[in-house]
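Reading through the structure tokens given below for one structure.
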Amino acid sequence: MKIVTIIGARPQFIKASVVSKAILEADGIEEILVHTGQHFDENMSNIFFEQLGIPRPHYQLDIHGGSHGDMTGRMLIEIEKVLLKEKPDRVMVYGDTNSTLAGALAAAKLHIPVAHVEAGLRSFNMGMPEEVNRILTDQLSDLLLCPTDAAIENLEKEGFLGKTDVTVEKVGDVMQDSAMLFSTQAVQPVGVKNQRSFILVTLHRAENTDSIDRLSSIVSALNEIHNTIMPIVMPLHPRTKKVLDEYNLTLEMDLIDPVGYLEMIWLLQHCALVLTDSGGVQKEAFFFAKPCVTMRDQTEWVELIDAGVNQLVGANHPLIINAVQESLAIKVEDKNELYGGGTASKRIVELLK
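Quick note: the sequence shown uses my numbering, first residue 1165, plus one each step.
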């Protein structure tokens, strides 16, 4: 069996690291890896292949920049060329990026079956490009690999479980596989001081960075937290840095360059709390038993809200401050193995075979 895997963004590199490893250890599966180039910064892309031992992509498309439609369209054209050349038995895509949708759409147009890792997630906010991508990708896929019970429930409500030509399976979350596999290889990032306690912050989502009001409120809250509650360490996303400069906004905490996955694990292991607008980082905080405050209005990881280890605060300054103060006292435990306990990648390969 030949599988073409489409990846293009940081979380997908992390997910692919464990699934590609499981594929290599299995008999009878050949994987062709296609990197769209959606993340092109050195520390947002290449370093992940080096650190995580992911096989070098067979195809590097170098497609990045431009509007969502422009980027997705260019990816669709180039991925179709790869699929016509490779003639795979199946295409596998991860998550909810433009690379995900382009890969699924190119495959569906050529009548190639699609496996979607992280199927069934919903934030119920159609204003998010990611929500559009994940819904459409699920519709284009015949093998829906779900990380959680909530994802299964979402697909059931949408009628997927009644379809005879679709397989829906709960496999667990491959991000937990990665966290467990690489936890002993953590590396202290350059520029991070050996301070006793700090809050780890990531900020990059368009709903926050593209709004001067939201971004100003968040920056003000972060500065207050850093100066009055606990020091902040923040790997600064290239797009966020550009927007901060454009808006003439200043962050007063320790800013470091984007980090590789092993450095991110070190930060997660040593921080007291995670404050983020990322999807994946919410889970990573949980994997390393850290409370999380999420600067979004919705999240697809509702089980973390239900478990009381994550709070949604949007871009509201006082809510951010209050949630941080409350969450610092929370003890995080994974009593129910919400994300499968680290066996997702092996389960995925079993289903592919």
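Note that CB positions come from ideal geometry on N, CA and C, so glycine has one too.
Name the one or two DSSP bridge partners that residue i has.
| i | result |
| --- | --- |
| Q1475 | V1457 |
| K1245 | None; K1245 has no bridge partner. |
| M1239 | According to DSSP, M1239 bridges with nothing at all. |
| Y1258 | V1281 |
| M1398 | L1419 |
| C1310 | K1334 |
At what residues does the beta strand (DSSP E) containing residue i begin and finish?
| i | result |
| --- | --- |
| I1393 | That residue, I1393, is in no beta strand (DSSP E); it is neither H nor E in DSSP. |
| E1333 | T1331 to K1334 |
| I1170 | K1166 to I1171 |
Quick check on the DSSP output: the alpha helix (DSSP H) that includes residue i runs from which residue to which?
| i | result |
| --- | --- |
| Y1411 | P1402 to Y1411 |
| T1373 | A1370 to T1373 |
| V1182 | R1174 to E1189 |
Assign residue i to one of three DSSP states: helix, strand, or coil.
| i | result |
| --- | --- |
| Y1223 | strand |
| L1285 | coil |
| L1197 | strand |
| D1234 | helix |
| I1276 | coil |
| P1252 | coil |
| M1208 | Because the pLDDT of M1208 is 48, which lies under 50, any placement of that residue in the model is unreliable, and the question is left without a value. |
| V1365 | strand |
| T1348 | helix |
| V1445 | helix |
| V1466 | helix |
| I1438 | It is worth fixing the name first, because residue 1438 is Val in this sequence and not Ile. Three-state result, V1438: strand. |
| L1488 | Note that residue 1488 is Val in the sequence shown, not Leu. In the structure shown, V1488 sits in a helix (DSSP, three-state: H, G or I). |
| L1502 | coil |
| V1519 | Here the chain comprises residues numbered 1165 to 1517, so residue 1519 is not present and cannot be evaluated. |
| K1510 | helix |
| M1292 | coil |
| H1481 | helix |
| S1342 | helix |
| K1357 | coil |
| F1452 | coil |
| K1321 | helix |
What do you get for residue i, buried or exposed, if any count of 16 or more other CB atoms within 10 angstroms of its CB means buried?
| i | result |
| --- | --- |
| M1208 | Note that M1208 scores a pLDDT of 48, beneath 50, so its modelled location is shaky; the value from the coordinates is reported in the next line. That one is buried. |
| D1329 | exposed |
| A1453 | exposed |
| M1256 | buried |
| Q1433 | exposed |
| S1184 | buried |
| G1326 | exposed |
| R1360 | exposed |
| V1354 | exposed |
| S1305 | buried |
| M1292 | buried |
| L1269 | buried |
| F1288 | exposed |
| D1341 | buried |
State the CB to CB distance for the pair residue i and residue j, rounded to an integer number of angstroms; the pair is presumed to be in contact (CB under 8 Å).
| i | j | result |
| --- | --- | --- |
| L1516 | I1171 | Not quite, the Cβ-Cβ distance comes to about 16 Å (not below 8 Å), so this is no contact. |
| G1201 | Q1215 | The Cβ separation is near 19 Å, so there is no contact. |
| T1458 | V1477 | 7 Å |
| V1338 | V1281 | 6 Å |
| M1344 | I1363 | In fact, because the Cβ distance is near 24 Å, the residues do not count as touching under 8 Å. |
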